[in-house]
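Comments concern the structure below.
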Amino acid sequence: MPLVRPDDWRPRGIDDLEPAAWNALRHGGSACVVAGPGAGKTEFLAQRAVYLLETGICHAPHRVLAISFKTDAASNLAARVRQRCPPELANRFVSLTFDSFCKSLVDRFLNAVPADRRPTRPYDIAFPKRWQVDQFLTLARLNAPQEWQADIAAFSATDFEARVVGGYRLPLASQAPQSAAEFTIARWWATQLRPGHPSSLTFVSINRLAELLLRGNPHIRNALVATYPFVFVDEFQDTTFAQYDFLLSAFSGGQTIVTGVGDDKQRIMIFAGARRDAFQRLEADFGAARFPLLFNFRSSPDLVAIQHVVARALDPNAAQTVARAARQVDGDVAQVWRSQTKAAEAAHLAQWLANDMGTRGRSPRDYALLVKQKSDDYEHELAGPFAAHGLRIRNESHALGKTSLQDLLSDDLCRLAMAMFRLGATRRAPAAWQLVSSEVLALRAVVADDDIGAAKVEADLTAFLAALRADMAATAPSRNSAADFATRVFEYLDLAAIARTYTEYGVGDLLQIILEAFCLHFFASADGAADWAACLDAFEGVNQIPMMTVHKSKGLEYDTIVFVGLDDQAWWAHVPGDPEGVAAFFVALSRAKQRAIFAFCQERGARNNVAELYQLLTDAGVPEIAI
């Protein structure tokens, strides 16, 4: 398509941008875009990507790289760019998570990793528990020279890997430890790279190997910089020491323009090693200019006013954002519900949600249940009372093998397989057909102008789907039949072709992780389903109320959020005055478009440690109601 002059370019798919967003979008250098809740971070990044591609500022064959923290955020951004941009340009937009990007580099260039740090091929992904890290630190201290033992004893199992391992650059050549930290880090690596055994790496370790790889191989780094002259980093406030150090090694030097988007008031990953000075470092190291966005397109004016009270607790100089969404509910937009027992809380919550959905004509997906942690426990407590009112809970933080339900549903292969099954369950699914037909053409390596090849592939696809549809219609859903159909669909798609076509599956074990998770969830969804349409609805969470931890809710929005468990038990690690706890509270509150409810149950415990959070709600005029 012909290029557009930068001065003539207009936003795609939306009417306009706020003035500060225009300034940030057109800025020719690196930028810190400070975007609070509802500012439209995904839309801004999508528009900037389209602007760079359509104007030729990022000209072929160069690409735009977007790095996100969550799989669903990376997937949503890629989908938004595809909606806003012609396919031939959207193909030059790459959206990945930090973990997947680092892993792809290590897997692709494994032989370039120094021999003493080189993991086996394949290697396992490790997720050590806190007690395992604590046990490791104890053994490290007992085996350390006397002069280092006190320093090792001061390390915390909570953030040892994130801060100590993640903040340390591996030397290009082996060297003897010169400090307690280096001694402990060396032992940590020894547990992951055991001779004669498959390596078992954490994502922090993979990050450190990726950074070492680029620093030790300038030709690989140069190729990376040449490919990606523009890099976006979403949720920049949560960038960890390891991630920022990787970013610095990969893209500093002036050749790459980096756009970091985020909000310090939503920094909730300090426990995972997030830097407190990420934006300041970006300004210093990349010469980034700062652009604060002031519009909130999500929440009603009354909710924005409550959010501002919490925002000022985090930053006394926080600017008042401008609400751009209208209020749609009567009465209080926020309440605290106080109950004596968990049973009373669950019964009241289920009845209220059912009544509100009926009165306002809302879908279960318009509501969300947020918790601080241990979503499985809350799901168990609430599932029965909810079912009594015809409601089902969807625990999106639920683990499926080595991934989560939320991450599975954001995966490209999962979406493709589900589209195939939708076409197997019904003849009329135009969106599913569009996705399947385009992806199968890519899997069969049919180029754009090969009409004969495209016709042959589409005829083959049509025949396969007709046979699949007939067999699914004749077979009741069950775990066994789901397994048979899953095998059939994945064999047709061809796993080898998937690995060749999708960069993220070409190396490493991500493909196997997704296949395992897909099958676990698909088989469970088929078990007891009335028909295949119901099975697929259960798989995708149709007409189910999502439940997730606050951390999983980042970037999402709902008409009404209910925060269950605002008490000392759930917030056991919170210390009054801790900004990270207040930030998590702010994140939860700011997911709501129209209404926010905070539930406290006396049976779960006291609320002394979280008294400041309740005080913020009181200061904002939020009433407390006994139920």
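Going by numbering that gives the first Met the number 0, the sequence shown wraps up at 626, each residue one higher than the last.
Glycine residues also receive a C-beta, built at the ideal position from the N, C-alpha and C atoms.
* Quick one: residues in its chain with C-beta nearer than 6 Å to the C-beta of Q601, no 5 flanking neighbours on either side, listed in chain order? => As a first step, residue 601 is located in the sequence shown; it is residue number 602 there, counting from the start. Q339, listed in sequence order.
* To do: State the DSSP-derived secondary structure class of Q593, mapped to helix, strand or coil.
  => Taking the first residue of the sequence shown as 1, we reach residue 593 at position 594. Three-state DSSP puts Q593 in a strand.
* **P291 in three-state terms, based on DSSP** => Translated into positions along the sequence shown, residue 291 becomes position 292. Strand, per DSSP.
* To do: Please check if any C-beta of chain C sits within less than 8 Å of the C-beta of A73.
  => You won't find chain C in this structure, because it holds only one protein chain.
* Own chain residues within Cβ distance below 7 Å of T474, not counting five before or after -> As a first step, residue 474 must be located in the sequence shown, where it is residue number 475. So the qualifying residues of the chain are S480.
* Asked: Within this structure, are the beta carbons of Q372 and T548 separated by less than 8 Å?
  -> Taking the first residue of the sequence shown as position 1, residue 372 is located at position 373. Taking the first residue of the sequence shown as position 1, residue 548 is located at position 549. Yes, they are a contact pair.
* Asked: Alpha carbon to alpha carbon, how far is D493 from L407?
  -> Here residue 493 refers to the residue found at position 494 when the sequence shown is read from its first residue. Here residue 407 refers to the residue found at position 408 when the sequence shown is read from its first residue. D493 and L407: Cα-Cα distance of roughly 19 Å.
* Expressed to the nearest angstrom, what Euclidean distance is found between the alpha-carbon atoms of F420 and G12? -> Stepping through the sequence shown from its first residue, residue 420 is reached at position 421. Stepping through the sequence shown from its first residue, residue 12 is reached at position 13. Cα-Cα distance, rounded: 30 Å.
* To do: Compare the C-alpha of S477 against each of A533, V445 and H61 and name the closest.
  => What you label residue 477 is simply residue 478 of the sequence shown in a count that begins at 1. The option with the nearest alpha carbon to S477 is A533.
* Asked: Measuring CA to CA, which of G35, Q191, Y377 and G252 is closest to R117?
  -> Within the sequence shown, residue 117 is the residue found at index 118, counting from 1. Here the closest residue by C-alpha is Q191.
* Asked: Are the Cβ atoms of K553 and V586 separated by less than 8 Å?
  -> As a position in the sequence shown, residue 553 is number 554, starting the count at 1. As a position in the sequence shown, residue 586 is number 587, starting the count at 1. Contact: yes.
* **Rounded Cβ spacing between W8 and E53 (contact assumed at less than 8 Å)** => Indexing the sequence shown from 1 puts residue 8 at position 9. Indexing the sequence shown from 1 puts residue 53 at position 54. Confirmed, Cβ separation roughly 6 Å.
* Three-state class that DSSP yields for W336 in the structure shown -> Numbered from its first residue, the sequence shown carries residue 336 at position 337. The answer is strand: DSSP assigns W336 an E or B state.
* Asked: Apart from the five residues on each side of it in sequence, which residues of its chain come closer than 6 Å, Cβ to Cβ, to A595?
  -> Walking along the sequence shown from the start, residue 595 turns up at place 596. Only A333, I560 and L588 meet the Cβ criterion.
* To do: May I ask you to report which of helix, strand or coil DSSP gives C31?
  => Position 32 of the sequence shown holds residue 31. Strand, per DSSP.
* **Under 8 Å between C-beta atoms of N295 and G37** => Counting from 1 along the sequence shown, the entry for residue 295 is found at position 296. Counting from 1 along the sequence shown, the entry for residue 37 is found at position 38. Result yes, Cβ atoms of N295 and G37 sit closer than 8 Å.
* To do: Counting only the same chain and skipping the five closest in sequence on each side, list residues whose C-beta sits under 6 Å from that of S67.
  => In the sequence shown, the residue the question calls residue 67 occupies position 68. Result list for S67: A73, T96 and D233, in chain order.
* Asked: Measuring CA to CA, which of F489, D14 and Y50 is closest to L2?
  -> Along the sequence shown, read from residue 1 onward, the residue named residue 2 stands at position 3. Its Cα nearest to that of L2, the residue Y50 stands out among F489, D14 and Y50.
* Asked: How big is the Cα-Cα spacing for Q82 and V63?
  -> Counting from 1 along the sequence shown, the entry for residue 82 is found at position 83. Counting from 1 along the sequence shown, the entry for residue 63 is found at position 64. Going by the C-alpha atoms only, they are around 16 Å apart.
* Asked: On the three-state DSSP scale, how would you describe F135?
  -> Translated into positions along the sequence shown, residue 135 becomes position 136. Correct three-state label for F135: helix.
* To do: Going by DSSP, name the residue or residues bridged to L302.
  => Looking up residue 302 in the sequence shown gives position 303. DSSP lists no partner for L302.
* Asked: So, helix, strand or coil for T41, using DSSP?
  -> In the sequence shown, counting from the first residue as 1, residue 41 sits at position 42. Note: T41 maps to helix in three-state DSSP.
* **Where F0 falls, given that 16 or more other Cβ within 10 Å makes a residue buried** => The residue given as residue 0 occupies position 1 in the sequence shown. A small fix is needed here, since residue 0 is Met in this sequence, not Phe. With fewer than 16 other Cβ atoms within 10 Å, it is exposed.
* Asked: Among G423, M546, D470 and G564, which one has its Cα closest to the Cα of R364?
  -> Here residue 364 refers to the residue found at position 365 when the sequence shown is read from its first residue. When only C-alpha atoms are compared, the closest one is M546.
* Report the option in H388, T137, G55 and C31 whose CA atom is closest to the CA atom of R4. => The residue labelled residue 4 in the question sits at position 5 within the sequence shown. That would be G55, whose Cα lies nearest to the Cα of R4.
* **8 Å Cβ cutoff met for C57 and F290** => Here the question's residue 57 lines up with position 58 in the sequence shown. Here the question's residue 290 lines up with position 291 in the sequence shown. No.
* **Nearest residue (CA-CA) to L390, options G35, N110 and L352** => Your numbering for residue 390 matches position 391 in the sequence shown. That would be L352, whose Cα lies nearest to the Cα of L390.
* Unbroken alpha helix (DSSP H) run spanning T358, endpoints -> Taking the first residue of the sequence shown as 1, we reach residue 358 at position 359. That run of the alpha helix (DSSP H) goes K341 to R359.
* Buried versus exposed call for V321 [16 or more other C-beta atoms within 10 Å across all chains shown] -> Within the sequence shown, the letter at position 322 stands for residue 321. Exposed is the label assigned to V321, since fewer than 16 other Cβ atoms lie within 10 Å of its Cβ.
* Sufficient close CB pairs (3 or more, under 8 Å) joining the segment 202-212 to the segment 240-260 -> yes
* Asked: Which ranges would you report for the alpha helix (DSSP H) in the segment 453-501 if only whole runs of at least 4 residues count?
  -> 478-492 and 494-500
* **Burial state of F278 (16 or more Cβ within 10 Å)** => Looking up residue 278 in the sequence shown gives position 279. F278 should be labelled buried.
* State the start and end residues of the unbroken beta strand (DSSP E) segment that holds S173. => Here residue 173 corresponds to residue number 174 of the sequence shown, with the count starting at 1. From DSSP, S173 is part of no beta strand (DSSP E); its letter is neither H nor E.
* If we count the other Cβ atoms within 10 Å of its Cβ and call it buried at 16 or more, is L24 buried or exposed? -> Against the sequence shown, residue 24 aligns to sequence position 25. Buried is the call here.
* Cβ of F108 versus every heavy atom of the ligand ADP: is any distance shorter than 7 Å? -> In terms of ligand content, the structure shown is empty, and the ligand ADP therefore cannot be addressed.
* To do: Closer than 6 Å by C-beta to V445: which residues in its own chain qualify, once you throw out the five before and the five after it? Chain order, please.
  => Within the sequence shown, residue 445 is the residue found at index 446, counting from 1. If we look at V445 and ignore the five residues flanking it on each side, its Cβ neighbours are G452, A453 and V456.
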